[in-house]
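To start, the structure itself, in structure tokens.
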Amino acid sequence: MADLMSHSDFRVALEEAFSGTMAKDASFSRAWATGKLHKEHFVHWATNHYHYIGPFGDYLGLMYANTPDHARDAKDFLLQNMYEEELSDDRHTDLLIRFAEACGGTRAYVQDRNNAMPFAKGMQGWMYYVSGRENFVVSSAALIVGLESQVPSIYRTQYPTLINKYGFSEWEAEFFDLHITSDEIHGERGYQIVLKYADTPELQQRCLHYVREAADMRFAYTKALYQTYVEPDLGPWVEEDEREPALVG
Amino acid sequence: MPRIYFKTAEAYVDFAEGEEVNVLRMAIRENIDVPWQCASGNCGTDRLVVEDGAENLDPPRRRERARLGELVDEGYRLACQTYTRGDVTFSWDPDQVGLDDEPGSSSGGSRAGWAGTG
Numbered sequence: 001m002a003d004l005m006s007h008s009d010f011r012v013a014l015e016e017a018f019s020g021t022m023a024k025d026a027s028f029s030r031a032w033a034t035g036k037l038h039k040e041h042f043v044h045w046a047t048n049h050y051h052y053i054g055p056f057g058d059y060l061g062l063m064y065a066n067t068p069d070h071a072r073d074a075k076d077f078l079l080q081n082m083y084e085e086e087l088s089d090d091r092h093t094d095l096l097i098r099f100a101e102a103c104g105g106t107r108a109y110v111q112d113r114n115n116a117m118p119f120a121k122g123m124q125g126w127m128y129y130v131s132g133r134e135n136f137v138v139s140s141a142a143l144i145v146g147l148e149s150q151v152p153s154i155y156r157t158q159y160p161t162l163i164n165k166y167g168f169s170e171w172e173a174e175f176f177d178l179h180i181t182s183d184e185i186h187g188e189r190g191y192q193i194v195l196k197y198a199d200t201p202e203l204q205q206r207c208l209h210y211v212r213e214a215a216d217m218r219f220a221y222t223k224a225l226y227q228t229y230v231e232p233d234l235g236p237w238v239e240e241d242e243r244e245p246a247l248v249g
Numbered sequence: 250m251p252r253i254y255f256k257t258a259e260a261y262v263d264f265a266e267g268e269e270v271n272v273l274r275m276a277i278r279e280n281i282d283v284p285w286q287c288a289s290g291n292c293g294t295d296r297l298v299v300e301d302g303a304e305n306l307d308p309p310r311r312r313e314r315a316r317l318g319e320l321v322d323e324g325y326r327l328a329c330q331t332y333t334r335g336d337v338t339f340s341w342d343p344d345q346v347g348l349d350d351e352p353g354s355s356s357g358g359s360r361a362g363w364a365g366t367g
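Residue numbers (the numbering used here), protein chains in the order written: chain R, 1 to 249; chain G, 250 to 367.
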């Protein structure tokens, strides 16, 4: 069994656990950031994303119930995160639907579970499982460090494209702007909780395992978005610098 | 190496050249006592005065402009909404509270009435 790592070594290990499979590098994210997607692709993305993160308050609620009273700072963080998702301002899922509507989608289409990929339903089931069944520090590592803390790196490349290339207004694209910054803070608080409460070698290793698994899940889900909705229109994804000269542009 | 100097706390954070970092995230990471409550640019508790290095900050986006209103022109930024790519110095009132919690508050832009704009 591995030794107990210091906070600084454990933080580096957490960061390295998902550095090779970050969703910002998946084909759908790259096609988005480079302006290759059409608005109907965004509707499909929003629909699947709705079924993936729509129950985020539920996930956090399960984690809250699994967090012992002595970890009051962790409980307060989860509660605040939940409040910010649902009540402090516009409900985050409403911002997501606002974006889908700006792309030509409808609320009814986005909310219909039948329009989501099996991968999205798999993400949702995995998140219910981890948040409901795992130690709170492990589920914090999975959902907050492994998933939520990735969000700014994804949206910071996608948001400028939405405004500058596709011409969305800041109001229409507010879902992304909000999460660029709020998930910076949520992600950092998640790190603080995990560093503090993963206080045995077993817990640290379990956290690392679930961060890897979370990153793998999100990467596979994001890749599947491209394969399902974009590849039939644009063909297999090839990075610009890997394309044959005749295919560039 | 670029440096964020949190003057009121007499503390600083260095970060790697070429990176662009969120100001509040760096403060939380290093346990620097910047006042804050929410992470969404709603409360305005984390408003900081930019004393130096404003040219290294990304421009304020919609949420920050709406929350701070005319305070933006007076040199304020919200730590949670601000990214820097170079040296910058911030100060603040250590006793400050959220913009809506100040006695007789009418400063800054209000979040009320946002829905439906744009």
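Even glycine gets a Cβ: it sits at the ideal position worked out from N, Cα and C.
- Residue 340/G: member of the beta strand (DSSP E) spanning 337-340, first to last residue.
- Residue 222/R is positioned such that its CB atom lies closer than 7 Å to that of residue 23/R.
- Annotation note: the region 269-330 of chain G contains the following uninterrupted beta strand (DSSP E) runs of length 3 or greater, listed N- to C-terminal: 296-301 and 325-327.
- Take residue 332/G, set aside five residues on each side of it, and the residues of its chain with a beta-carbon closer than 8 Å to its own are 269, 270, 271, 272, 306 and 307, in chain order.
- Between residue 63/R and residue 136/R, the CB-CB gap stays under 7 Å.
- Here the alpha carbon of residue 285/G sits roughly 28 Å from the alpha carbon of residue 98/R.
- Judged by DSSP secondary structure, residue 263/G falls within the beta strand (DSSP E) whose first and last residues are 260-263.
- One thing to note: residue 18/R has its Cβ within 7 Å of the Cβ of residue 215/R.
- By the criterion of a C-beta distance shorter than 7 Å, residue 338/G is surrounded in its chain by 254, 256, 300, 301 and 302, once the five residues flanking it on both sides are discounted.
- Residue environment: residue 51/R is assigned as buried (16 or more neighbouring CB atoms within 10 Å of its CB, all protein chains considered).
- Annotation note: the region 23-99 of chain R contains the following uninterrupted alpha helix (DSSP H) runs of length 4 or greater, listed N- to C-terminal: 27-33, 39-53, 56-66 and 72-86.
- Proximity of residue 19/R to chain G, defined by a Cβ-Cβ separation below 7 Å, is not satisfied.
- Taking a contact as a CB-CB distance under 8 Å, the pair residue 210/R and residue 130/R counts as one, their CB atoms being some 7 Å apart.
- Ranked by Cα distance from residue 42/R, the options 197/R, 69/R and 106/R are led by 106/R.
- Think of a sphere of 8 Å around the beta carbon of residue 186/R: the chain G residues whose beta carbon falls inside it are 288, in chain order.
- Nearest C-alpha to residue 84/R among 57/R, 104/R, 73/R and 68/R: 57/R.
- Residue 144/R is positioned such that its CB atom lies no closer than 7 Å to that of residue 329/G.
- With 16 or more neighbouring CB atoms inside 10 Å of its own CB, residue 96/R falls in the buried class.
- Taking a C-beta cut-off of 8 Å against chain R, the contacting residues of the region 311-341 of chain G are 311, 312, 329 and 330, listed in chain order.
- Non-local beta-carbon contacts of residue 173/R in its own chain, meaning distances under 7 Å to residues more than five positions away in sequence, involve 99, 159, 162 and 163 in chain order.
- Those residues of the region 263-285 of chain G placed with their C-beta closer than 7 Å to a C-beta in chain R are 271, 273, 274, 277 and 278, ordered along the chain.
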